[in-house]
Structures are given as C-alpha cells and as structure tokens.
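A quick write-up on the structure given underneath.
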Amino acid sequence: MSELVVKNLHASIEGKEILKGLDLTVRQGEVHAIMGPNATGKSTLAYTLMGHPNYRVTGGEVWFKGQNILELEADERSRLGLFLAFQYPVAIPGVSVANFLRTALNARRRATNPEDKGMPIPEFRKMLKEKMELLKMDSAFAGRYLNDGFSGGEKKRAEILQMATLKPEIAILDETDSGLDIDALRIVAEGVNALTGPNLGALVITHYQRLLNYIKPQFVHIMLDGRIVESGGADLALHLEEQGYDWVREKYENGESGK
Amino acid sequence: MEEKPKIVVTTRTRRPETTAKQFAFTAAMVPGGGALREFRQHAWETFNRLSLPTTAEEAWRRTDLRALPADQFRLPEDGLYKSLPAVPGELLQPLAADAHGGQIVLLPGGASVEFTESLTRKGVIFTDLRSAERDHPDLLAKIMGAIVRPEEGKFAALAATLSQNGVVLYVPKGVSIDQPLHSILWGPGEDLAHLSHILVWVDEGASVTYVHESASPDKSGAALHAGIVEIKVADGASLKLVELQSWGRQVWNFSHERAQVGRDANLDWIFGAVGSRLTKNFSDLDLVGEGATGRMSGFYFIDGIQHLDHDTQQNHLAPHTTSDLLFKGALKGSSRSVWQGMIYVAPGAQKTDGYQANRNLILSQNSRADSIPGLEILADDVRCTHGATVGKLEKEPLFYLKSRGIPDKDAERLLVEGFFDPIMQRISFEGVRARFQQAIHEKTAAE
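Protein chains in written order, with this note's numbering: chain A, 181 to 439; chain B, 256 to 702.
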C-alpha cells in the first residue's frame with residue numbers, strides 16, 4: 181500500500197514563503213479533507229505536491245513510493261501515481277479530450293516499456309466509453325477540445341474523467357466544489373465516490389464544508405498560515421461549519437503573536 | 256607541461272558577399288522551336304533585363320539573397336535522374352483519396368505520366384510540359400503566360416524562359432473529375448536548377464481536385480527551384496488545389512503563383528510548407544468574376560536556419576466576391592518566417608467579404624515570425640477583417656499536460672498539433688493531414 185508522506189514542507193512563490201513547515205500523511209484507501217480560510221496556502225500545497233515550476237520548495241521532503249518526489253518533474257510524479265484535479269483546469273484548444281487521454285495513457289505505457297506501440301484504438305474507445313458512462317457523461321464530450329468552452333461543471337467532470345482513466349493511487353482534489361451549483365456538485369461528488377476505495381487515497385482541499393456532505397472524509401485537517409494546525413475526524417468539519425474559522429485563528433494566530 | 260593561455264584574435268573584416276552572385280545561364284539554353292519559342296525568347300530578354308531582388312525592394316525587405324550561390328546552378332541534362340536517388344515510394348501514395356485519376360512525376364531531366372484513359376476521352380489533359388508542347392501546342396500558346404507574366408520578377412522570368420519541366424492540367428467545359436490528380440516534383444542532386452511551370456486551367460462549370468508536391472532529400476551544398484503556377488478557374492468552375500513543399504534544406508525556393516477565379520467560381524487553395532533553406536513565394540488570388548469565392552489555407556513548420564517568406568494578395572476585382580485566408584505556422588531553432596498579406600478591393604467591387612489571419616507559434620527563443628497584414632479598400636460597401644498574432648507556448652497548458660504524465664516533448668507536440676488543428680479542419684484529405692502530422696512529429700522530436 182502506497183502512502184504520500186509530507187514532512188516539514190516549506191515552499192514559496194516569487195520569494196514569498198507560503199508553506200511554513202507542513203506535515204501530512206495520506207495512505208491509499210483513505211479520504212482526507214484539508215480545510216482552511218482563503219490565502220492560507222491550500223492551493224500552494226496542491227501545486228507544490230504536483231511540481232508546478234512557479235513554486236519553489238525551500239525545505240522539507242515529500243515521500244511517495246520510496247522516493248522523495250520533490251526531485252521529480254510533474255510528469256514523472258503523475259506516472260508514479262499522483263494526480264491533481266485542478267481548481268481551474270486550463271483550456272487546450274485544438275486537442276480533443278480523447279486524443280489527450282490517449283496521449284496520457286500511452287505516455288504511461290511507454291514509460292514502462294519504451295517499445296510500446298500504444299493502446300489499440302478500439303480498446304481505448306471501449307475503456308473511455310465505460311468511464312464516461314460511469315460519470316454520466318455524453319459520448320460527444322470525447323470529441324470536444326479539452327476544457328475549451330466547457331462550463332464549470334463540465335470542467336470538473338473532465339478532471340474526474342481523467343482521474344478515472346489514469347487510475348492514480350493518491351489524488352489531490354483542489355477546490356473541486358468551486359464554481360459548481362448543487363446539481364453539478366452532486367454529480368462530481370458521485371464520480372469521486374465511485375473511484376475512492378482501497379486503491380485510491382484522496383486529499384480533498386476545500387474552503388466550504390458543503391462538499392464534505394457528499395464526499396465523506398475519515399480525516400479532516402485545518403490549515404492556517406501554511407501549516408496544518410488541527411487534525412481530527414469528520415466531526416471536525418461539522419464543528420467548523422458551526423463555529424467558522426475564528427476560533428482557529430484566535431487559538432493559533434494569538435498564540436503565535438504571544439511568542 | 257604548462258598550459259599556454261589561449262589567445263583569441265578577432266578581426267573585423269567586411270564580408271565579401273555584399274552583392275549576390277550572378278546566374279550562369281546562357282541564351283543557348285533557351286529551348287528553341289515550337290509553340291513557345293516567342294514566349295521563351297521574350298522571357299529570356301526579361302530575365303536578362305531584371306536584376307536579382309535586393310532588400311531595398313519592399314517585397315524582399317525581409318529576405319536577403321546575398322548568400323545565394325547563383326553562379327553554381329546548372330540545368331539538369333536529359334536523363335540525369337537515372338543517376339540520382341529515386342522518388343521514395345511514400346511520395347507516390349495517393350494523398351487525397353484511395354486512388355488517383357492520374358499521377359505525374361517530374362524529375363531532373365525527365366518525367367513520367369500515368370493517366371486514366373477514360374479522362375483523356377473526355378478531353379481532359381493532364382501531362383508534363385514537354386509532352387504538352389508536342390501534343391497541345393495551340394492550347395499551350397494560348398494559356399502560357401496569360402496569368403503570371405515573366406515581368407513579375409527575376410525568378411518568374413527564369414522559370415518562364417528555361418523551365419524544362421512542368422504540368423499542364425486542362426479540364427474542359429462541364430467536365431467533373433471525381434478522382435484527385437497528383438503530381439510530384441522530385442529534385443535530388445546538387446547544384447541543380449529545378450525550374451517548373453504548372454498550368455491549371457479549369458474551364459467553365461468544370462471541377463477537379465489536384466495535389467502538387469515538391470520534395471527532395473536533405474543534402475549539403477545548394478540547389479535551386481524557381482517555379483510558376485498559373486491557375487484559371489473559369490466561370491462556374493471549381494478547383495481544390497493542394498500544394499505541399501518539403502524541399503531539402505539546401506534548396507533555395509522561389510515561386511510566383513496566381514489564380515484567376517471567374518464568375519460564381521470557387522477555389523479552395525491549400526499550402527503546406529516544411530522544407531527548403533529559403534523560400535520566397537508570391538501567391539495571388541484574383542477574384543475577377545462576380546460571386547467568385549477563394550479560400551487560402553496555409554500551414555508551415557520550420558526549424559534550424561530555414562527561412563520562409565510568403566506574400567499573399569487577395570484581390571477583389573468584382574462585386575460580391577469572397578476571400579478567406581488563414582495561415583498558421585510554427586517555428587523552432589533559429590528559423591524565420593515572414594507572412595505579408597494584402598486584401599485589395601477595387602473600386603466598384605461592392606459587397607466584398609474579405610478575411611485574412613496569420614497565426615504563429617514560436618517554439619524557441621531564436622526563431623522569429625513577422626506577420627504583416629494589409630488592407631487597401633477602394634469600395635465603400637464591403638466587409639474586410641484581418642488579424643495577425645505571434646505567440647509562444649504557454650506555461651500553464653504545458654504544466655497541465657505534464658501533470659497527466661505526458662513528458663515535455665510529447666506535451667509540446669500535442670500543443671503544436673492543437674495549434675494547427677483549425678487549419679487541419681479545413682483540409683478534407685486524410686493523406687495530406689497525415690503527411691503534415693508526420694512533419695510535426697519529426698520536428699518536435701528533434702533537438
């Protein structure tokens with residue numbers, strides 16, 4: 181069973197430190213939620229774990245499958261079994277969803293066997309059709325340009341479709357609920373729930389508790405100012421829903437200022 | 256032993272090549288008798304009168320010919336192709352359908368023609384230039400030089416006077432050809448001048464699809480191609496013309512091309528270019544009849560030190576005419592592209608609809624694309640729009656693709672393919688698209 185172990189992670193963007201010593205362990209089969217107020221470093225964590233070149237790691241380690249993945253490029257991390265569902269998926273005009281997914285799958289096959297000729301097209305079509313049915317997606321979706329002119333809900337579903345196709349062992353879902361109405365949210369959450377299980381560990385990053393009505397985490401962490409300050413079970417999220425973040429701020433920010 | 260410090264001496268000397276070399280062709284090389292004698296003689300005089308273009312001329316401002324080794328080019332003698340590399344089999348595959356109605360292979364010092372006899376019986380002519388001179392002298396005398404004149408430039412005059420090779424396609428009134436026609440200009444060898452003259456004449460109400468391809472293997476040294484393409488799409492006729500250029504990296508390539516489109520006639524003109532050391536191409540679309548429509552679609556991908564300069568004109572010379580130009584190019588290495596386009600609307604050409612766009616994707620710091628659109632409108636009830644962009648691969652899409660496990664090179668290729676997709680959508684021929692995809696693959700994979 182693989183696990184993602186984050187140890188004392190520090191990261192900055194444009195010289196400004198955002199992550200200030202973050203510790204976290206996510207195992208395959210577990211669902212973790214990270215909650216926290218805006219501008220606390222949640223998206224920075226997601227991007228840094230995936231290896232976005234704009235974020236500079238200034239300290240710490242991230243272990244996954246026996247490697248410190250901070251030394252790897254984003255594509256290598258992906259092929260190792262890490263996945264990021266983006267908060268704002270970028271449009272790739274001219275590249276169809278199907279063409280993109282086939283390229284991504286074939287890149288995985290070629291990484292294990294350089295001689296691989298790629299997945300045969302009929303096999304790929306059948307697989308894609310199954311995944312799209314699972315996510316209740318229209319088959320015409322496969323022919324559309326990736327994220328180009330997609331509605332908010334379509335973009336998020338396309339992210340989950342990619343997750344279903346690439347079968348990661350650990351997936352980070354960055355604000356997957358943002359920009360979704362309640363119906364779209366339910367569909368996306370159902371998709372995620374269909375994929376979670378013993379083979380997938382999920383790290384669900386969210387600002388609002390409402391997503392957690394649909395995706396039930398076993399572990400909830402509160403992030404504040406670049407660190408995880410509280411960890412607990414599902415009830416911690418409910419507590420936040422009732423009390424807001426003020427008590428967390430008071431407890432930790434005042435504590436710091438008193439130092 | 257002690258290491259001696261290296262001393263580097265740099266001296267600044269002016270490069271000797273301040274003016275271009277001159278061509279070594281002589282009057283004795285001009286083909287003598289036959290129907291084209293006068294035309295060729297006149298073109299020879301024009302060739303001698305005109306000088307090689309310099310960057311002082313507006314149309315050549317961005318394309319410098321001082322390094323052109325003009326003096327070293329010679330005409331291929333008859334049968335020379337027998338001692339040169341043969342045409343690769345893949346170039347002979349039909350590009351536009353499962354089969355072709357005819358195929359012509361133009362070679363240094365020769366040509367071969369294959370043509371369906373049923374089309375000959377309908378009066379269709381599809382043959383090489385020498386055979387046409389022999390078999391159809393009157394037709395040739397009538398149409399040669401009617402659309403592109405030798406006076407248009409040094410290279411036009413050169414191709415007009417000395418072309419040993421070419422294609423003549425004539426489709427008579429009302430004849431519609433279903434199977435595409437295909438020709439290949441294959442130019443192997445060093446120091447050779449490949450001169451070609453293509454004549455396409457689609458008479459009233461006729462229709463045809465024609466693919467012409469120029470290619471040669473990469474070699475050291477230099478080679479020259481100068482060509483003329485004259486196209487007539489008569490009233491009510493329809494032509495799909497695809498021109499693919501994959502010259503070797505030693506080829507200096509020049510062409511003057513013009514299509515005249517008549518009343519309610521339609522031209523779908525596609526250009527693809529991935530080869531040559533340097534190309535300067537003039538392509539004019541003359542919409543001369545009311546209701547004429549012309550579409551020009553171009554794609555190019557260059558790298559290394561390749562230089563590609565494409566001049567386009569969309570001339571609206573009659574009312575209710577429509578033109579639509581989209582050229583898209585990608586550049587790698589230290590390559591350079593120039594696109595200079597003009598939409599001209601003549602006085603009285605009302606209800607004209609003209610569009611032109613050129614989009615470039617720069618894949619390396621040292622490549623450069625110049626994109627110069629232009630409008631000259633002398634009528635008042637028209638709609639003309641244009642756009643020109645030069646962009647780079649963006650970081651976020653690259654990261655997005657990489658985050659899905661796609662390595663840098665493949666991610667770059669996918670984005671380049673995506674960039675070209677709108678132009679590929681305009682090309683209904685699977686074989687042509689596949690040929691370009693192949694070039695994208697090779698060029699993105701190269702360092």
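Idealized CB from N, CA, C, for every residue including glycine. All figures in this text were calculated on a predicted structure; none of them were measured in a lab.
Could you tell me how far apart the beta carbons of residue i and residue j are, in whole angstroms, since I believe they sit closer than 8 Å?
{"i": "B:H452", "j": "B:G482", "result": "7 Å"}
{"i": "B:A411", "j": "B:H480", "result": "Incorrect: roughly 13 Å between the Cβ atoms, too far for contact."}
{"i": "B:I661", "j": "A:D255", "result": "6 Å"}
{"i": "B:E538", "j": "B:H565", "result": "Glu is not the amino acid found at residue 538 of chain B; the sequence shown has Ser there. Confirmed, Cβ separation roughly 7 Å."}
{"i": "A:V206", "j": "A:K396", "result": "Incorrect: roughly 15 Å between the Cβ atoms, too far for contact."}
{"i": "A:A265", "j": "A:T224", "result": "At roughly 16 Å, the Cβ-Cβ gap does not stay under 8 Å, so A:A265 and A:T224 are not in contact."}
{"i": "B:Q327", "j": "B:D446", "result": "5 Å"}
{"i": "B:A351", "j": "B:P427", "result": "With 8 Å as the limit, B:A351 and B:P427 do not qualify as a contact, their Cβ atoms being about 21 Å apart."}
7 Å is my cut-off, CB to CB: does residue i come that close to chain A?
{"i": "B:L669", "result": "yes"}
{"i": "B:D676", "result": "yes"}
{"i": "B:Y655", "result": "yes"}
{"i": "B:E685", "result": "no"}
{"i": "B:E651", "result": "yes"}
{"i": "B:Q693", "result": "no"}
{"i": "B:K698", "result": "no"}
{"i": "B:S338", "result": "no"}
{"i": "B:S386", "result": "no"}
{"i": "B:G642", "result": "no"}
{"i": "B:D665", "result": "yes"}
{"i": "B:S252", "result": "The structure shown has nothing for residue 252 of chain B, since chain B only spans 256 to 702."}
{"i": "B:P260", "result": "Annotation note: pLDDT 49 at B:P260 (below 50); position unreliable, no value reported."}
{"i": "B:I525", "result": "no"}
Would the beta-carbon of residue i be found less than 6 Å away from any heavy atom of the ligand PLP?
{"i": "A:M230", "result": "Absence of the ligand PLP from the depicted structure is noted, as is the absence of any ligand whatsoever, leaving it without description."}
Would the beta-carbon of residue i fall within 7 Å of that of residue j?
{"i": "B:K409", "j": "B:L307", "result": "yes"}
{"i": "A:L199", "j": "A:V186", "result": "no"}
{"i": "A:V270", "j": "B:E651", "result": "yes"}
{"i": "A:A344", "j": "A:A278", "result": "no"}
{"i": "B:W441", "j": "B:L362", "result": "yes"}
{"i": "B:V600", "j": "B:I627", "result": "no"}
{"i": "A:V372", "j": "A:A213", "result": "no"}
{"i": "B:L395", "j": "B:A290", "result": "yes"}
{"i": "A:K443", "j": "A:L260", "result": "The structure shown does not extend to residue 443 of chain A, since chain A spans only 181 to 439, so no value can be given for it."}
{"i": "B:S578", "j": "B:G584", "result": "no"}
{"i": "B:G530", "j": "B:I432", "result": "no"}
{"i": "B:A573", "j": "B:N613", "result": "no"}
Specify the secondary structure class of residue i as computed by DSSP and reduced to three states.
{"i": "B:S683", "result": "coil"}
{"i": "B:S462", "result": "strand"}
{"i": "A:H232", "result": "coil"}
{"i": "A:P302", "result": "helix"}
{"i": "B:Y425", "result": "strand"}
{"i": "A:I395", "result": "coil"}
{"i": "A:N293", "result": "coil"}
{"i": "B:A366", "result": "strand"}
{"i": "A:K439", "result": "At A:K439 the pLDDT is 37, less than 50, meaning the model places this residue with poor confidence and gives no usable figure here."}
{"i": "A:M403", "result": "strand"}
{"i": "B:Y610", "result": "strand"}
{"i": "B:S471", "result": "coil"}
{"i": "B:W299", "result": "helix"}
{"i": "A:V368", "result": "helix"}
{"i": "B:P652", "result": "helix"}
I want to see whether chain B comes within less than 7 Å of residue i, judged by CB atoms only; does it?
{"i": "A:T283", "result": "yes"}
{"i": "A:I272", "result": "yes"}
{"i": "A:S258", "result": "yes"}
{"i": "A:A226", "result": "no"}
{"i": "A:A344", "result": "no"}
{"i": "A:R337", "result": "no"}
{"i": "A:D255", "result": "yes"}
{"i": "A:R288", "result": "yes"}
{"i": "A:L250", "result": "no"}
In the DSSP assignment, what are the bridge partners of residue i?
{"i": "B:P628", "result": "B:G596"}
{"i": "B:N508", "result": "B:H480 and B:T534"}
{"i": "A:H419", "result": "Answer by DSSP bridge pairing: none, since A:H419 is not bridged."}
{"i": "A:N373", "result": "None; A:N373 has no bridge partner."}
{"i": "B:Y555", "result": "B:A528 and B:G584"}
{"i": "A:E256", "result": "Answer is none; A:E256 lacks a bridge partner."}
{"i": "A:L264", "result": "A:I352"}
{"i": "B:Q277", "result": "According to DSSP, B:Q277 bridges with nothing at all."}
List, in chain order, every chain E residue whose beta-carbon is nearer than 7 Å to that of residue i.
{"i": "A:H190", "result": "You won't find chain E in this structure, because its protein chains are A and B."}
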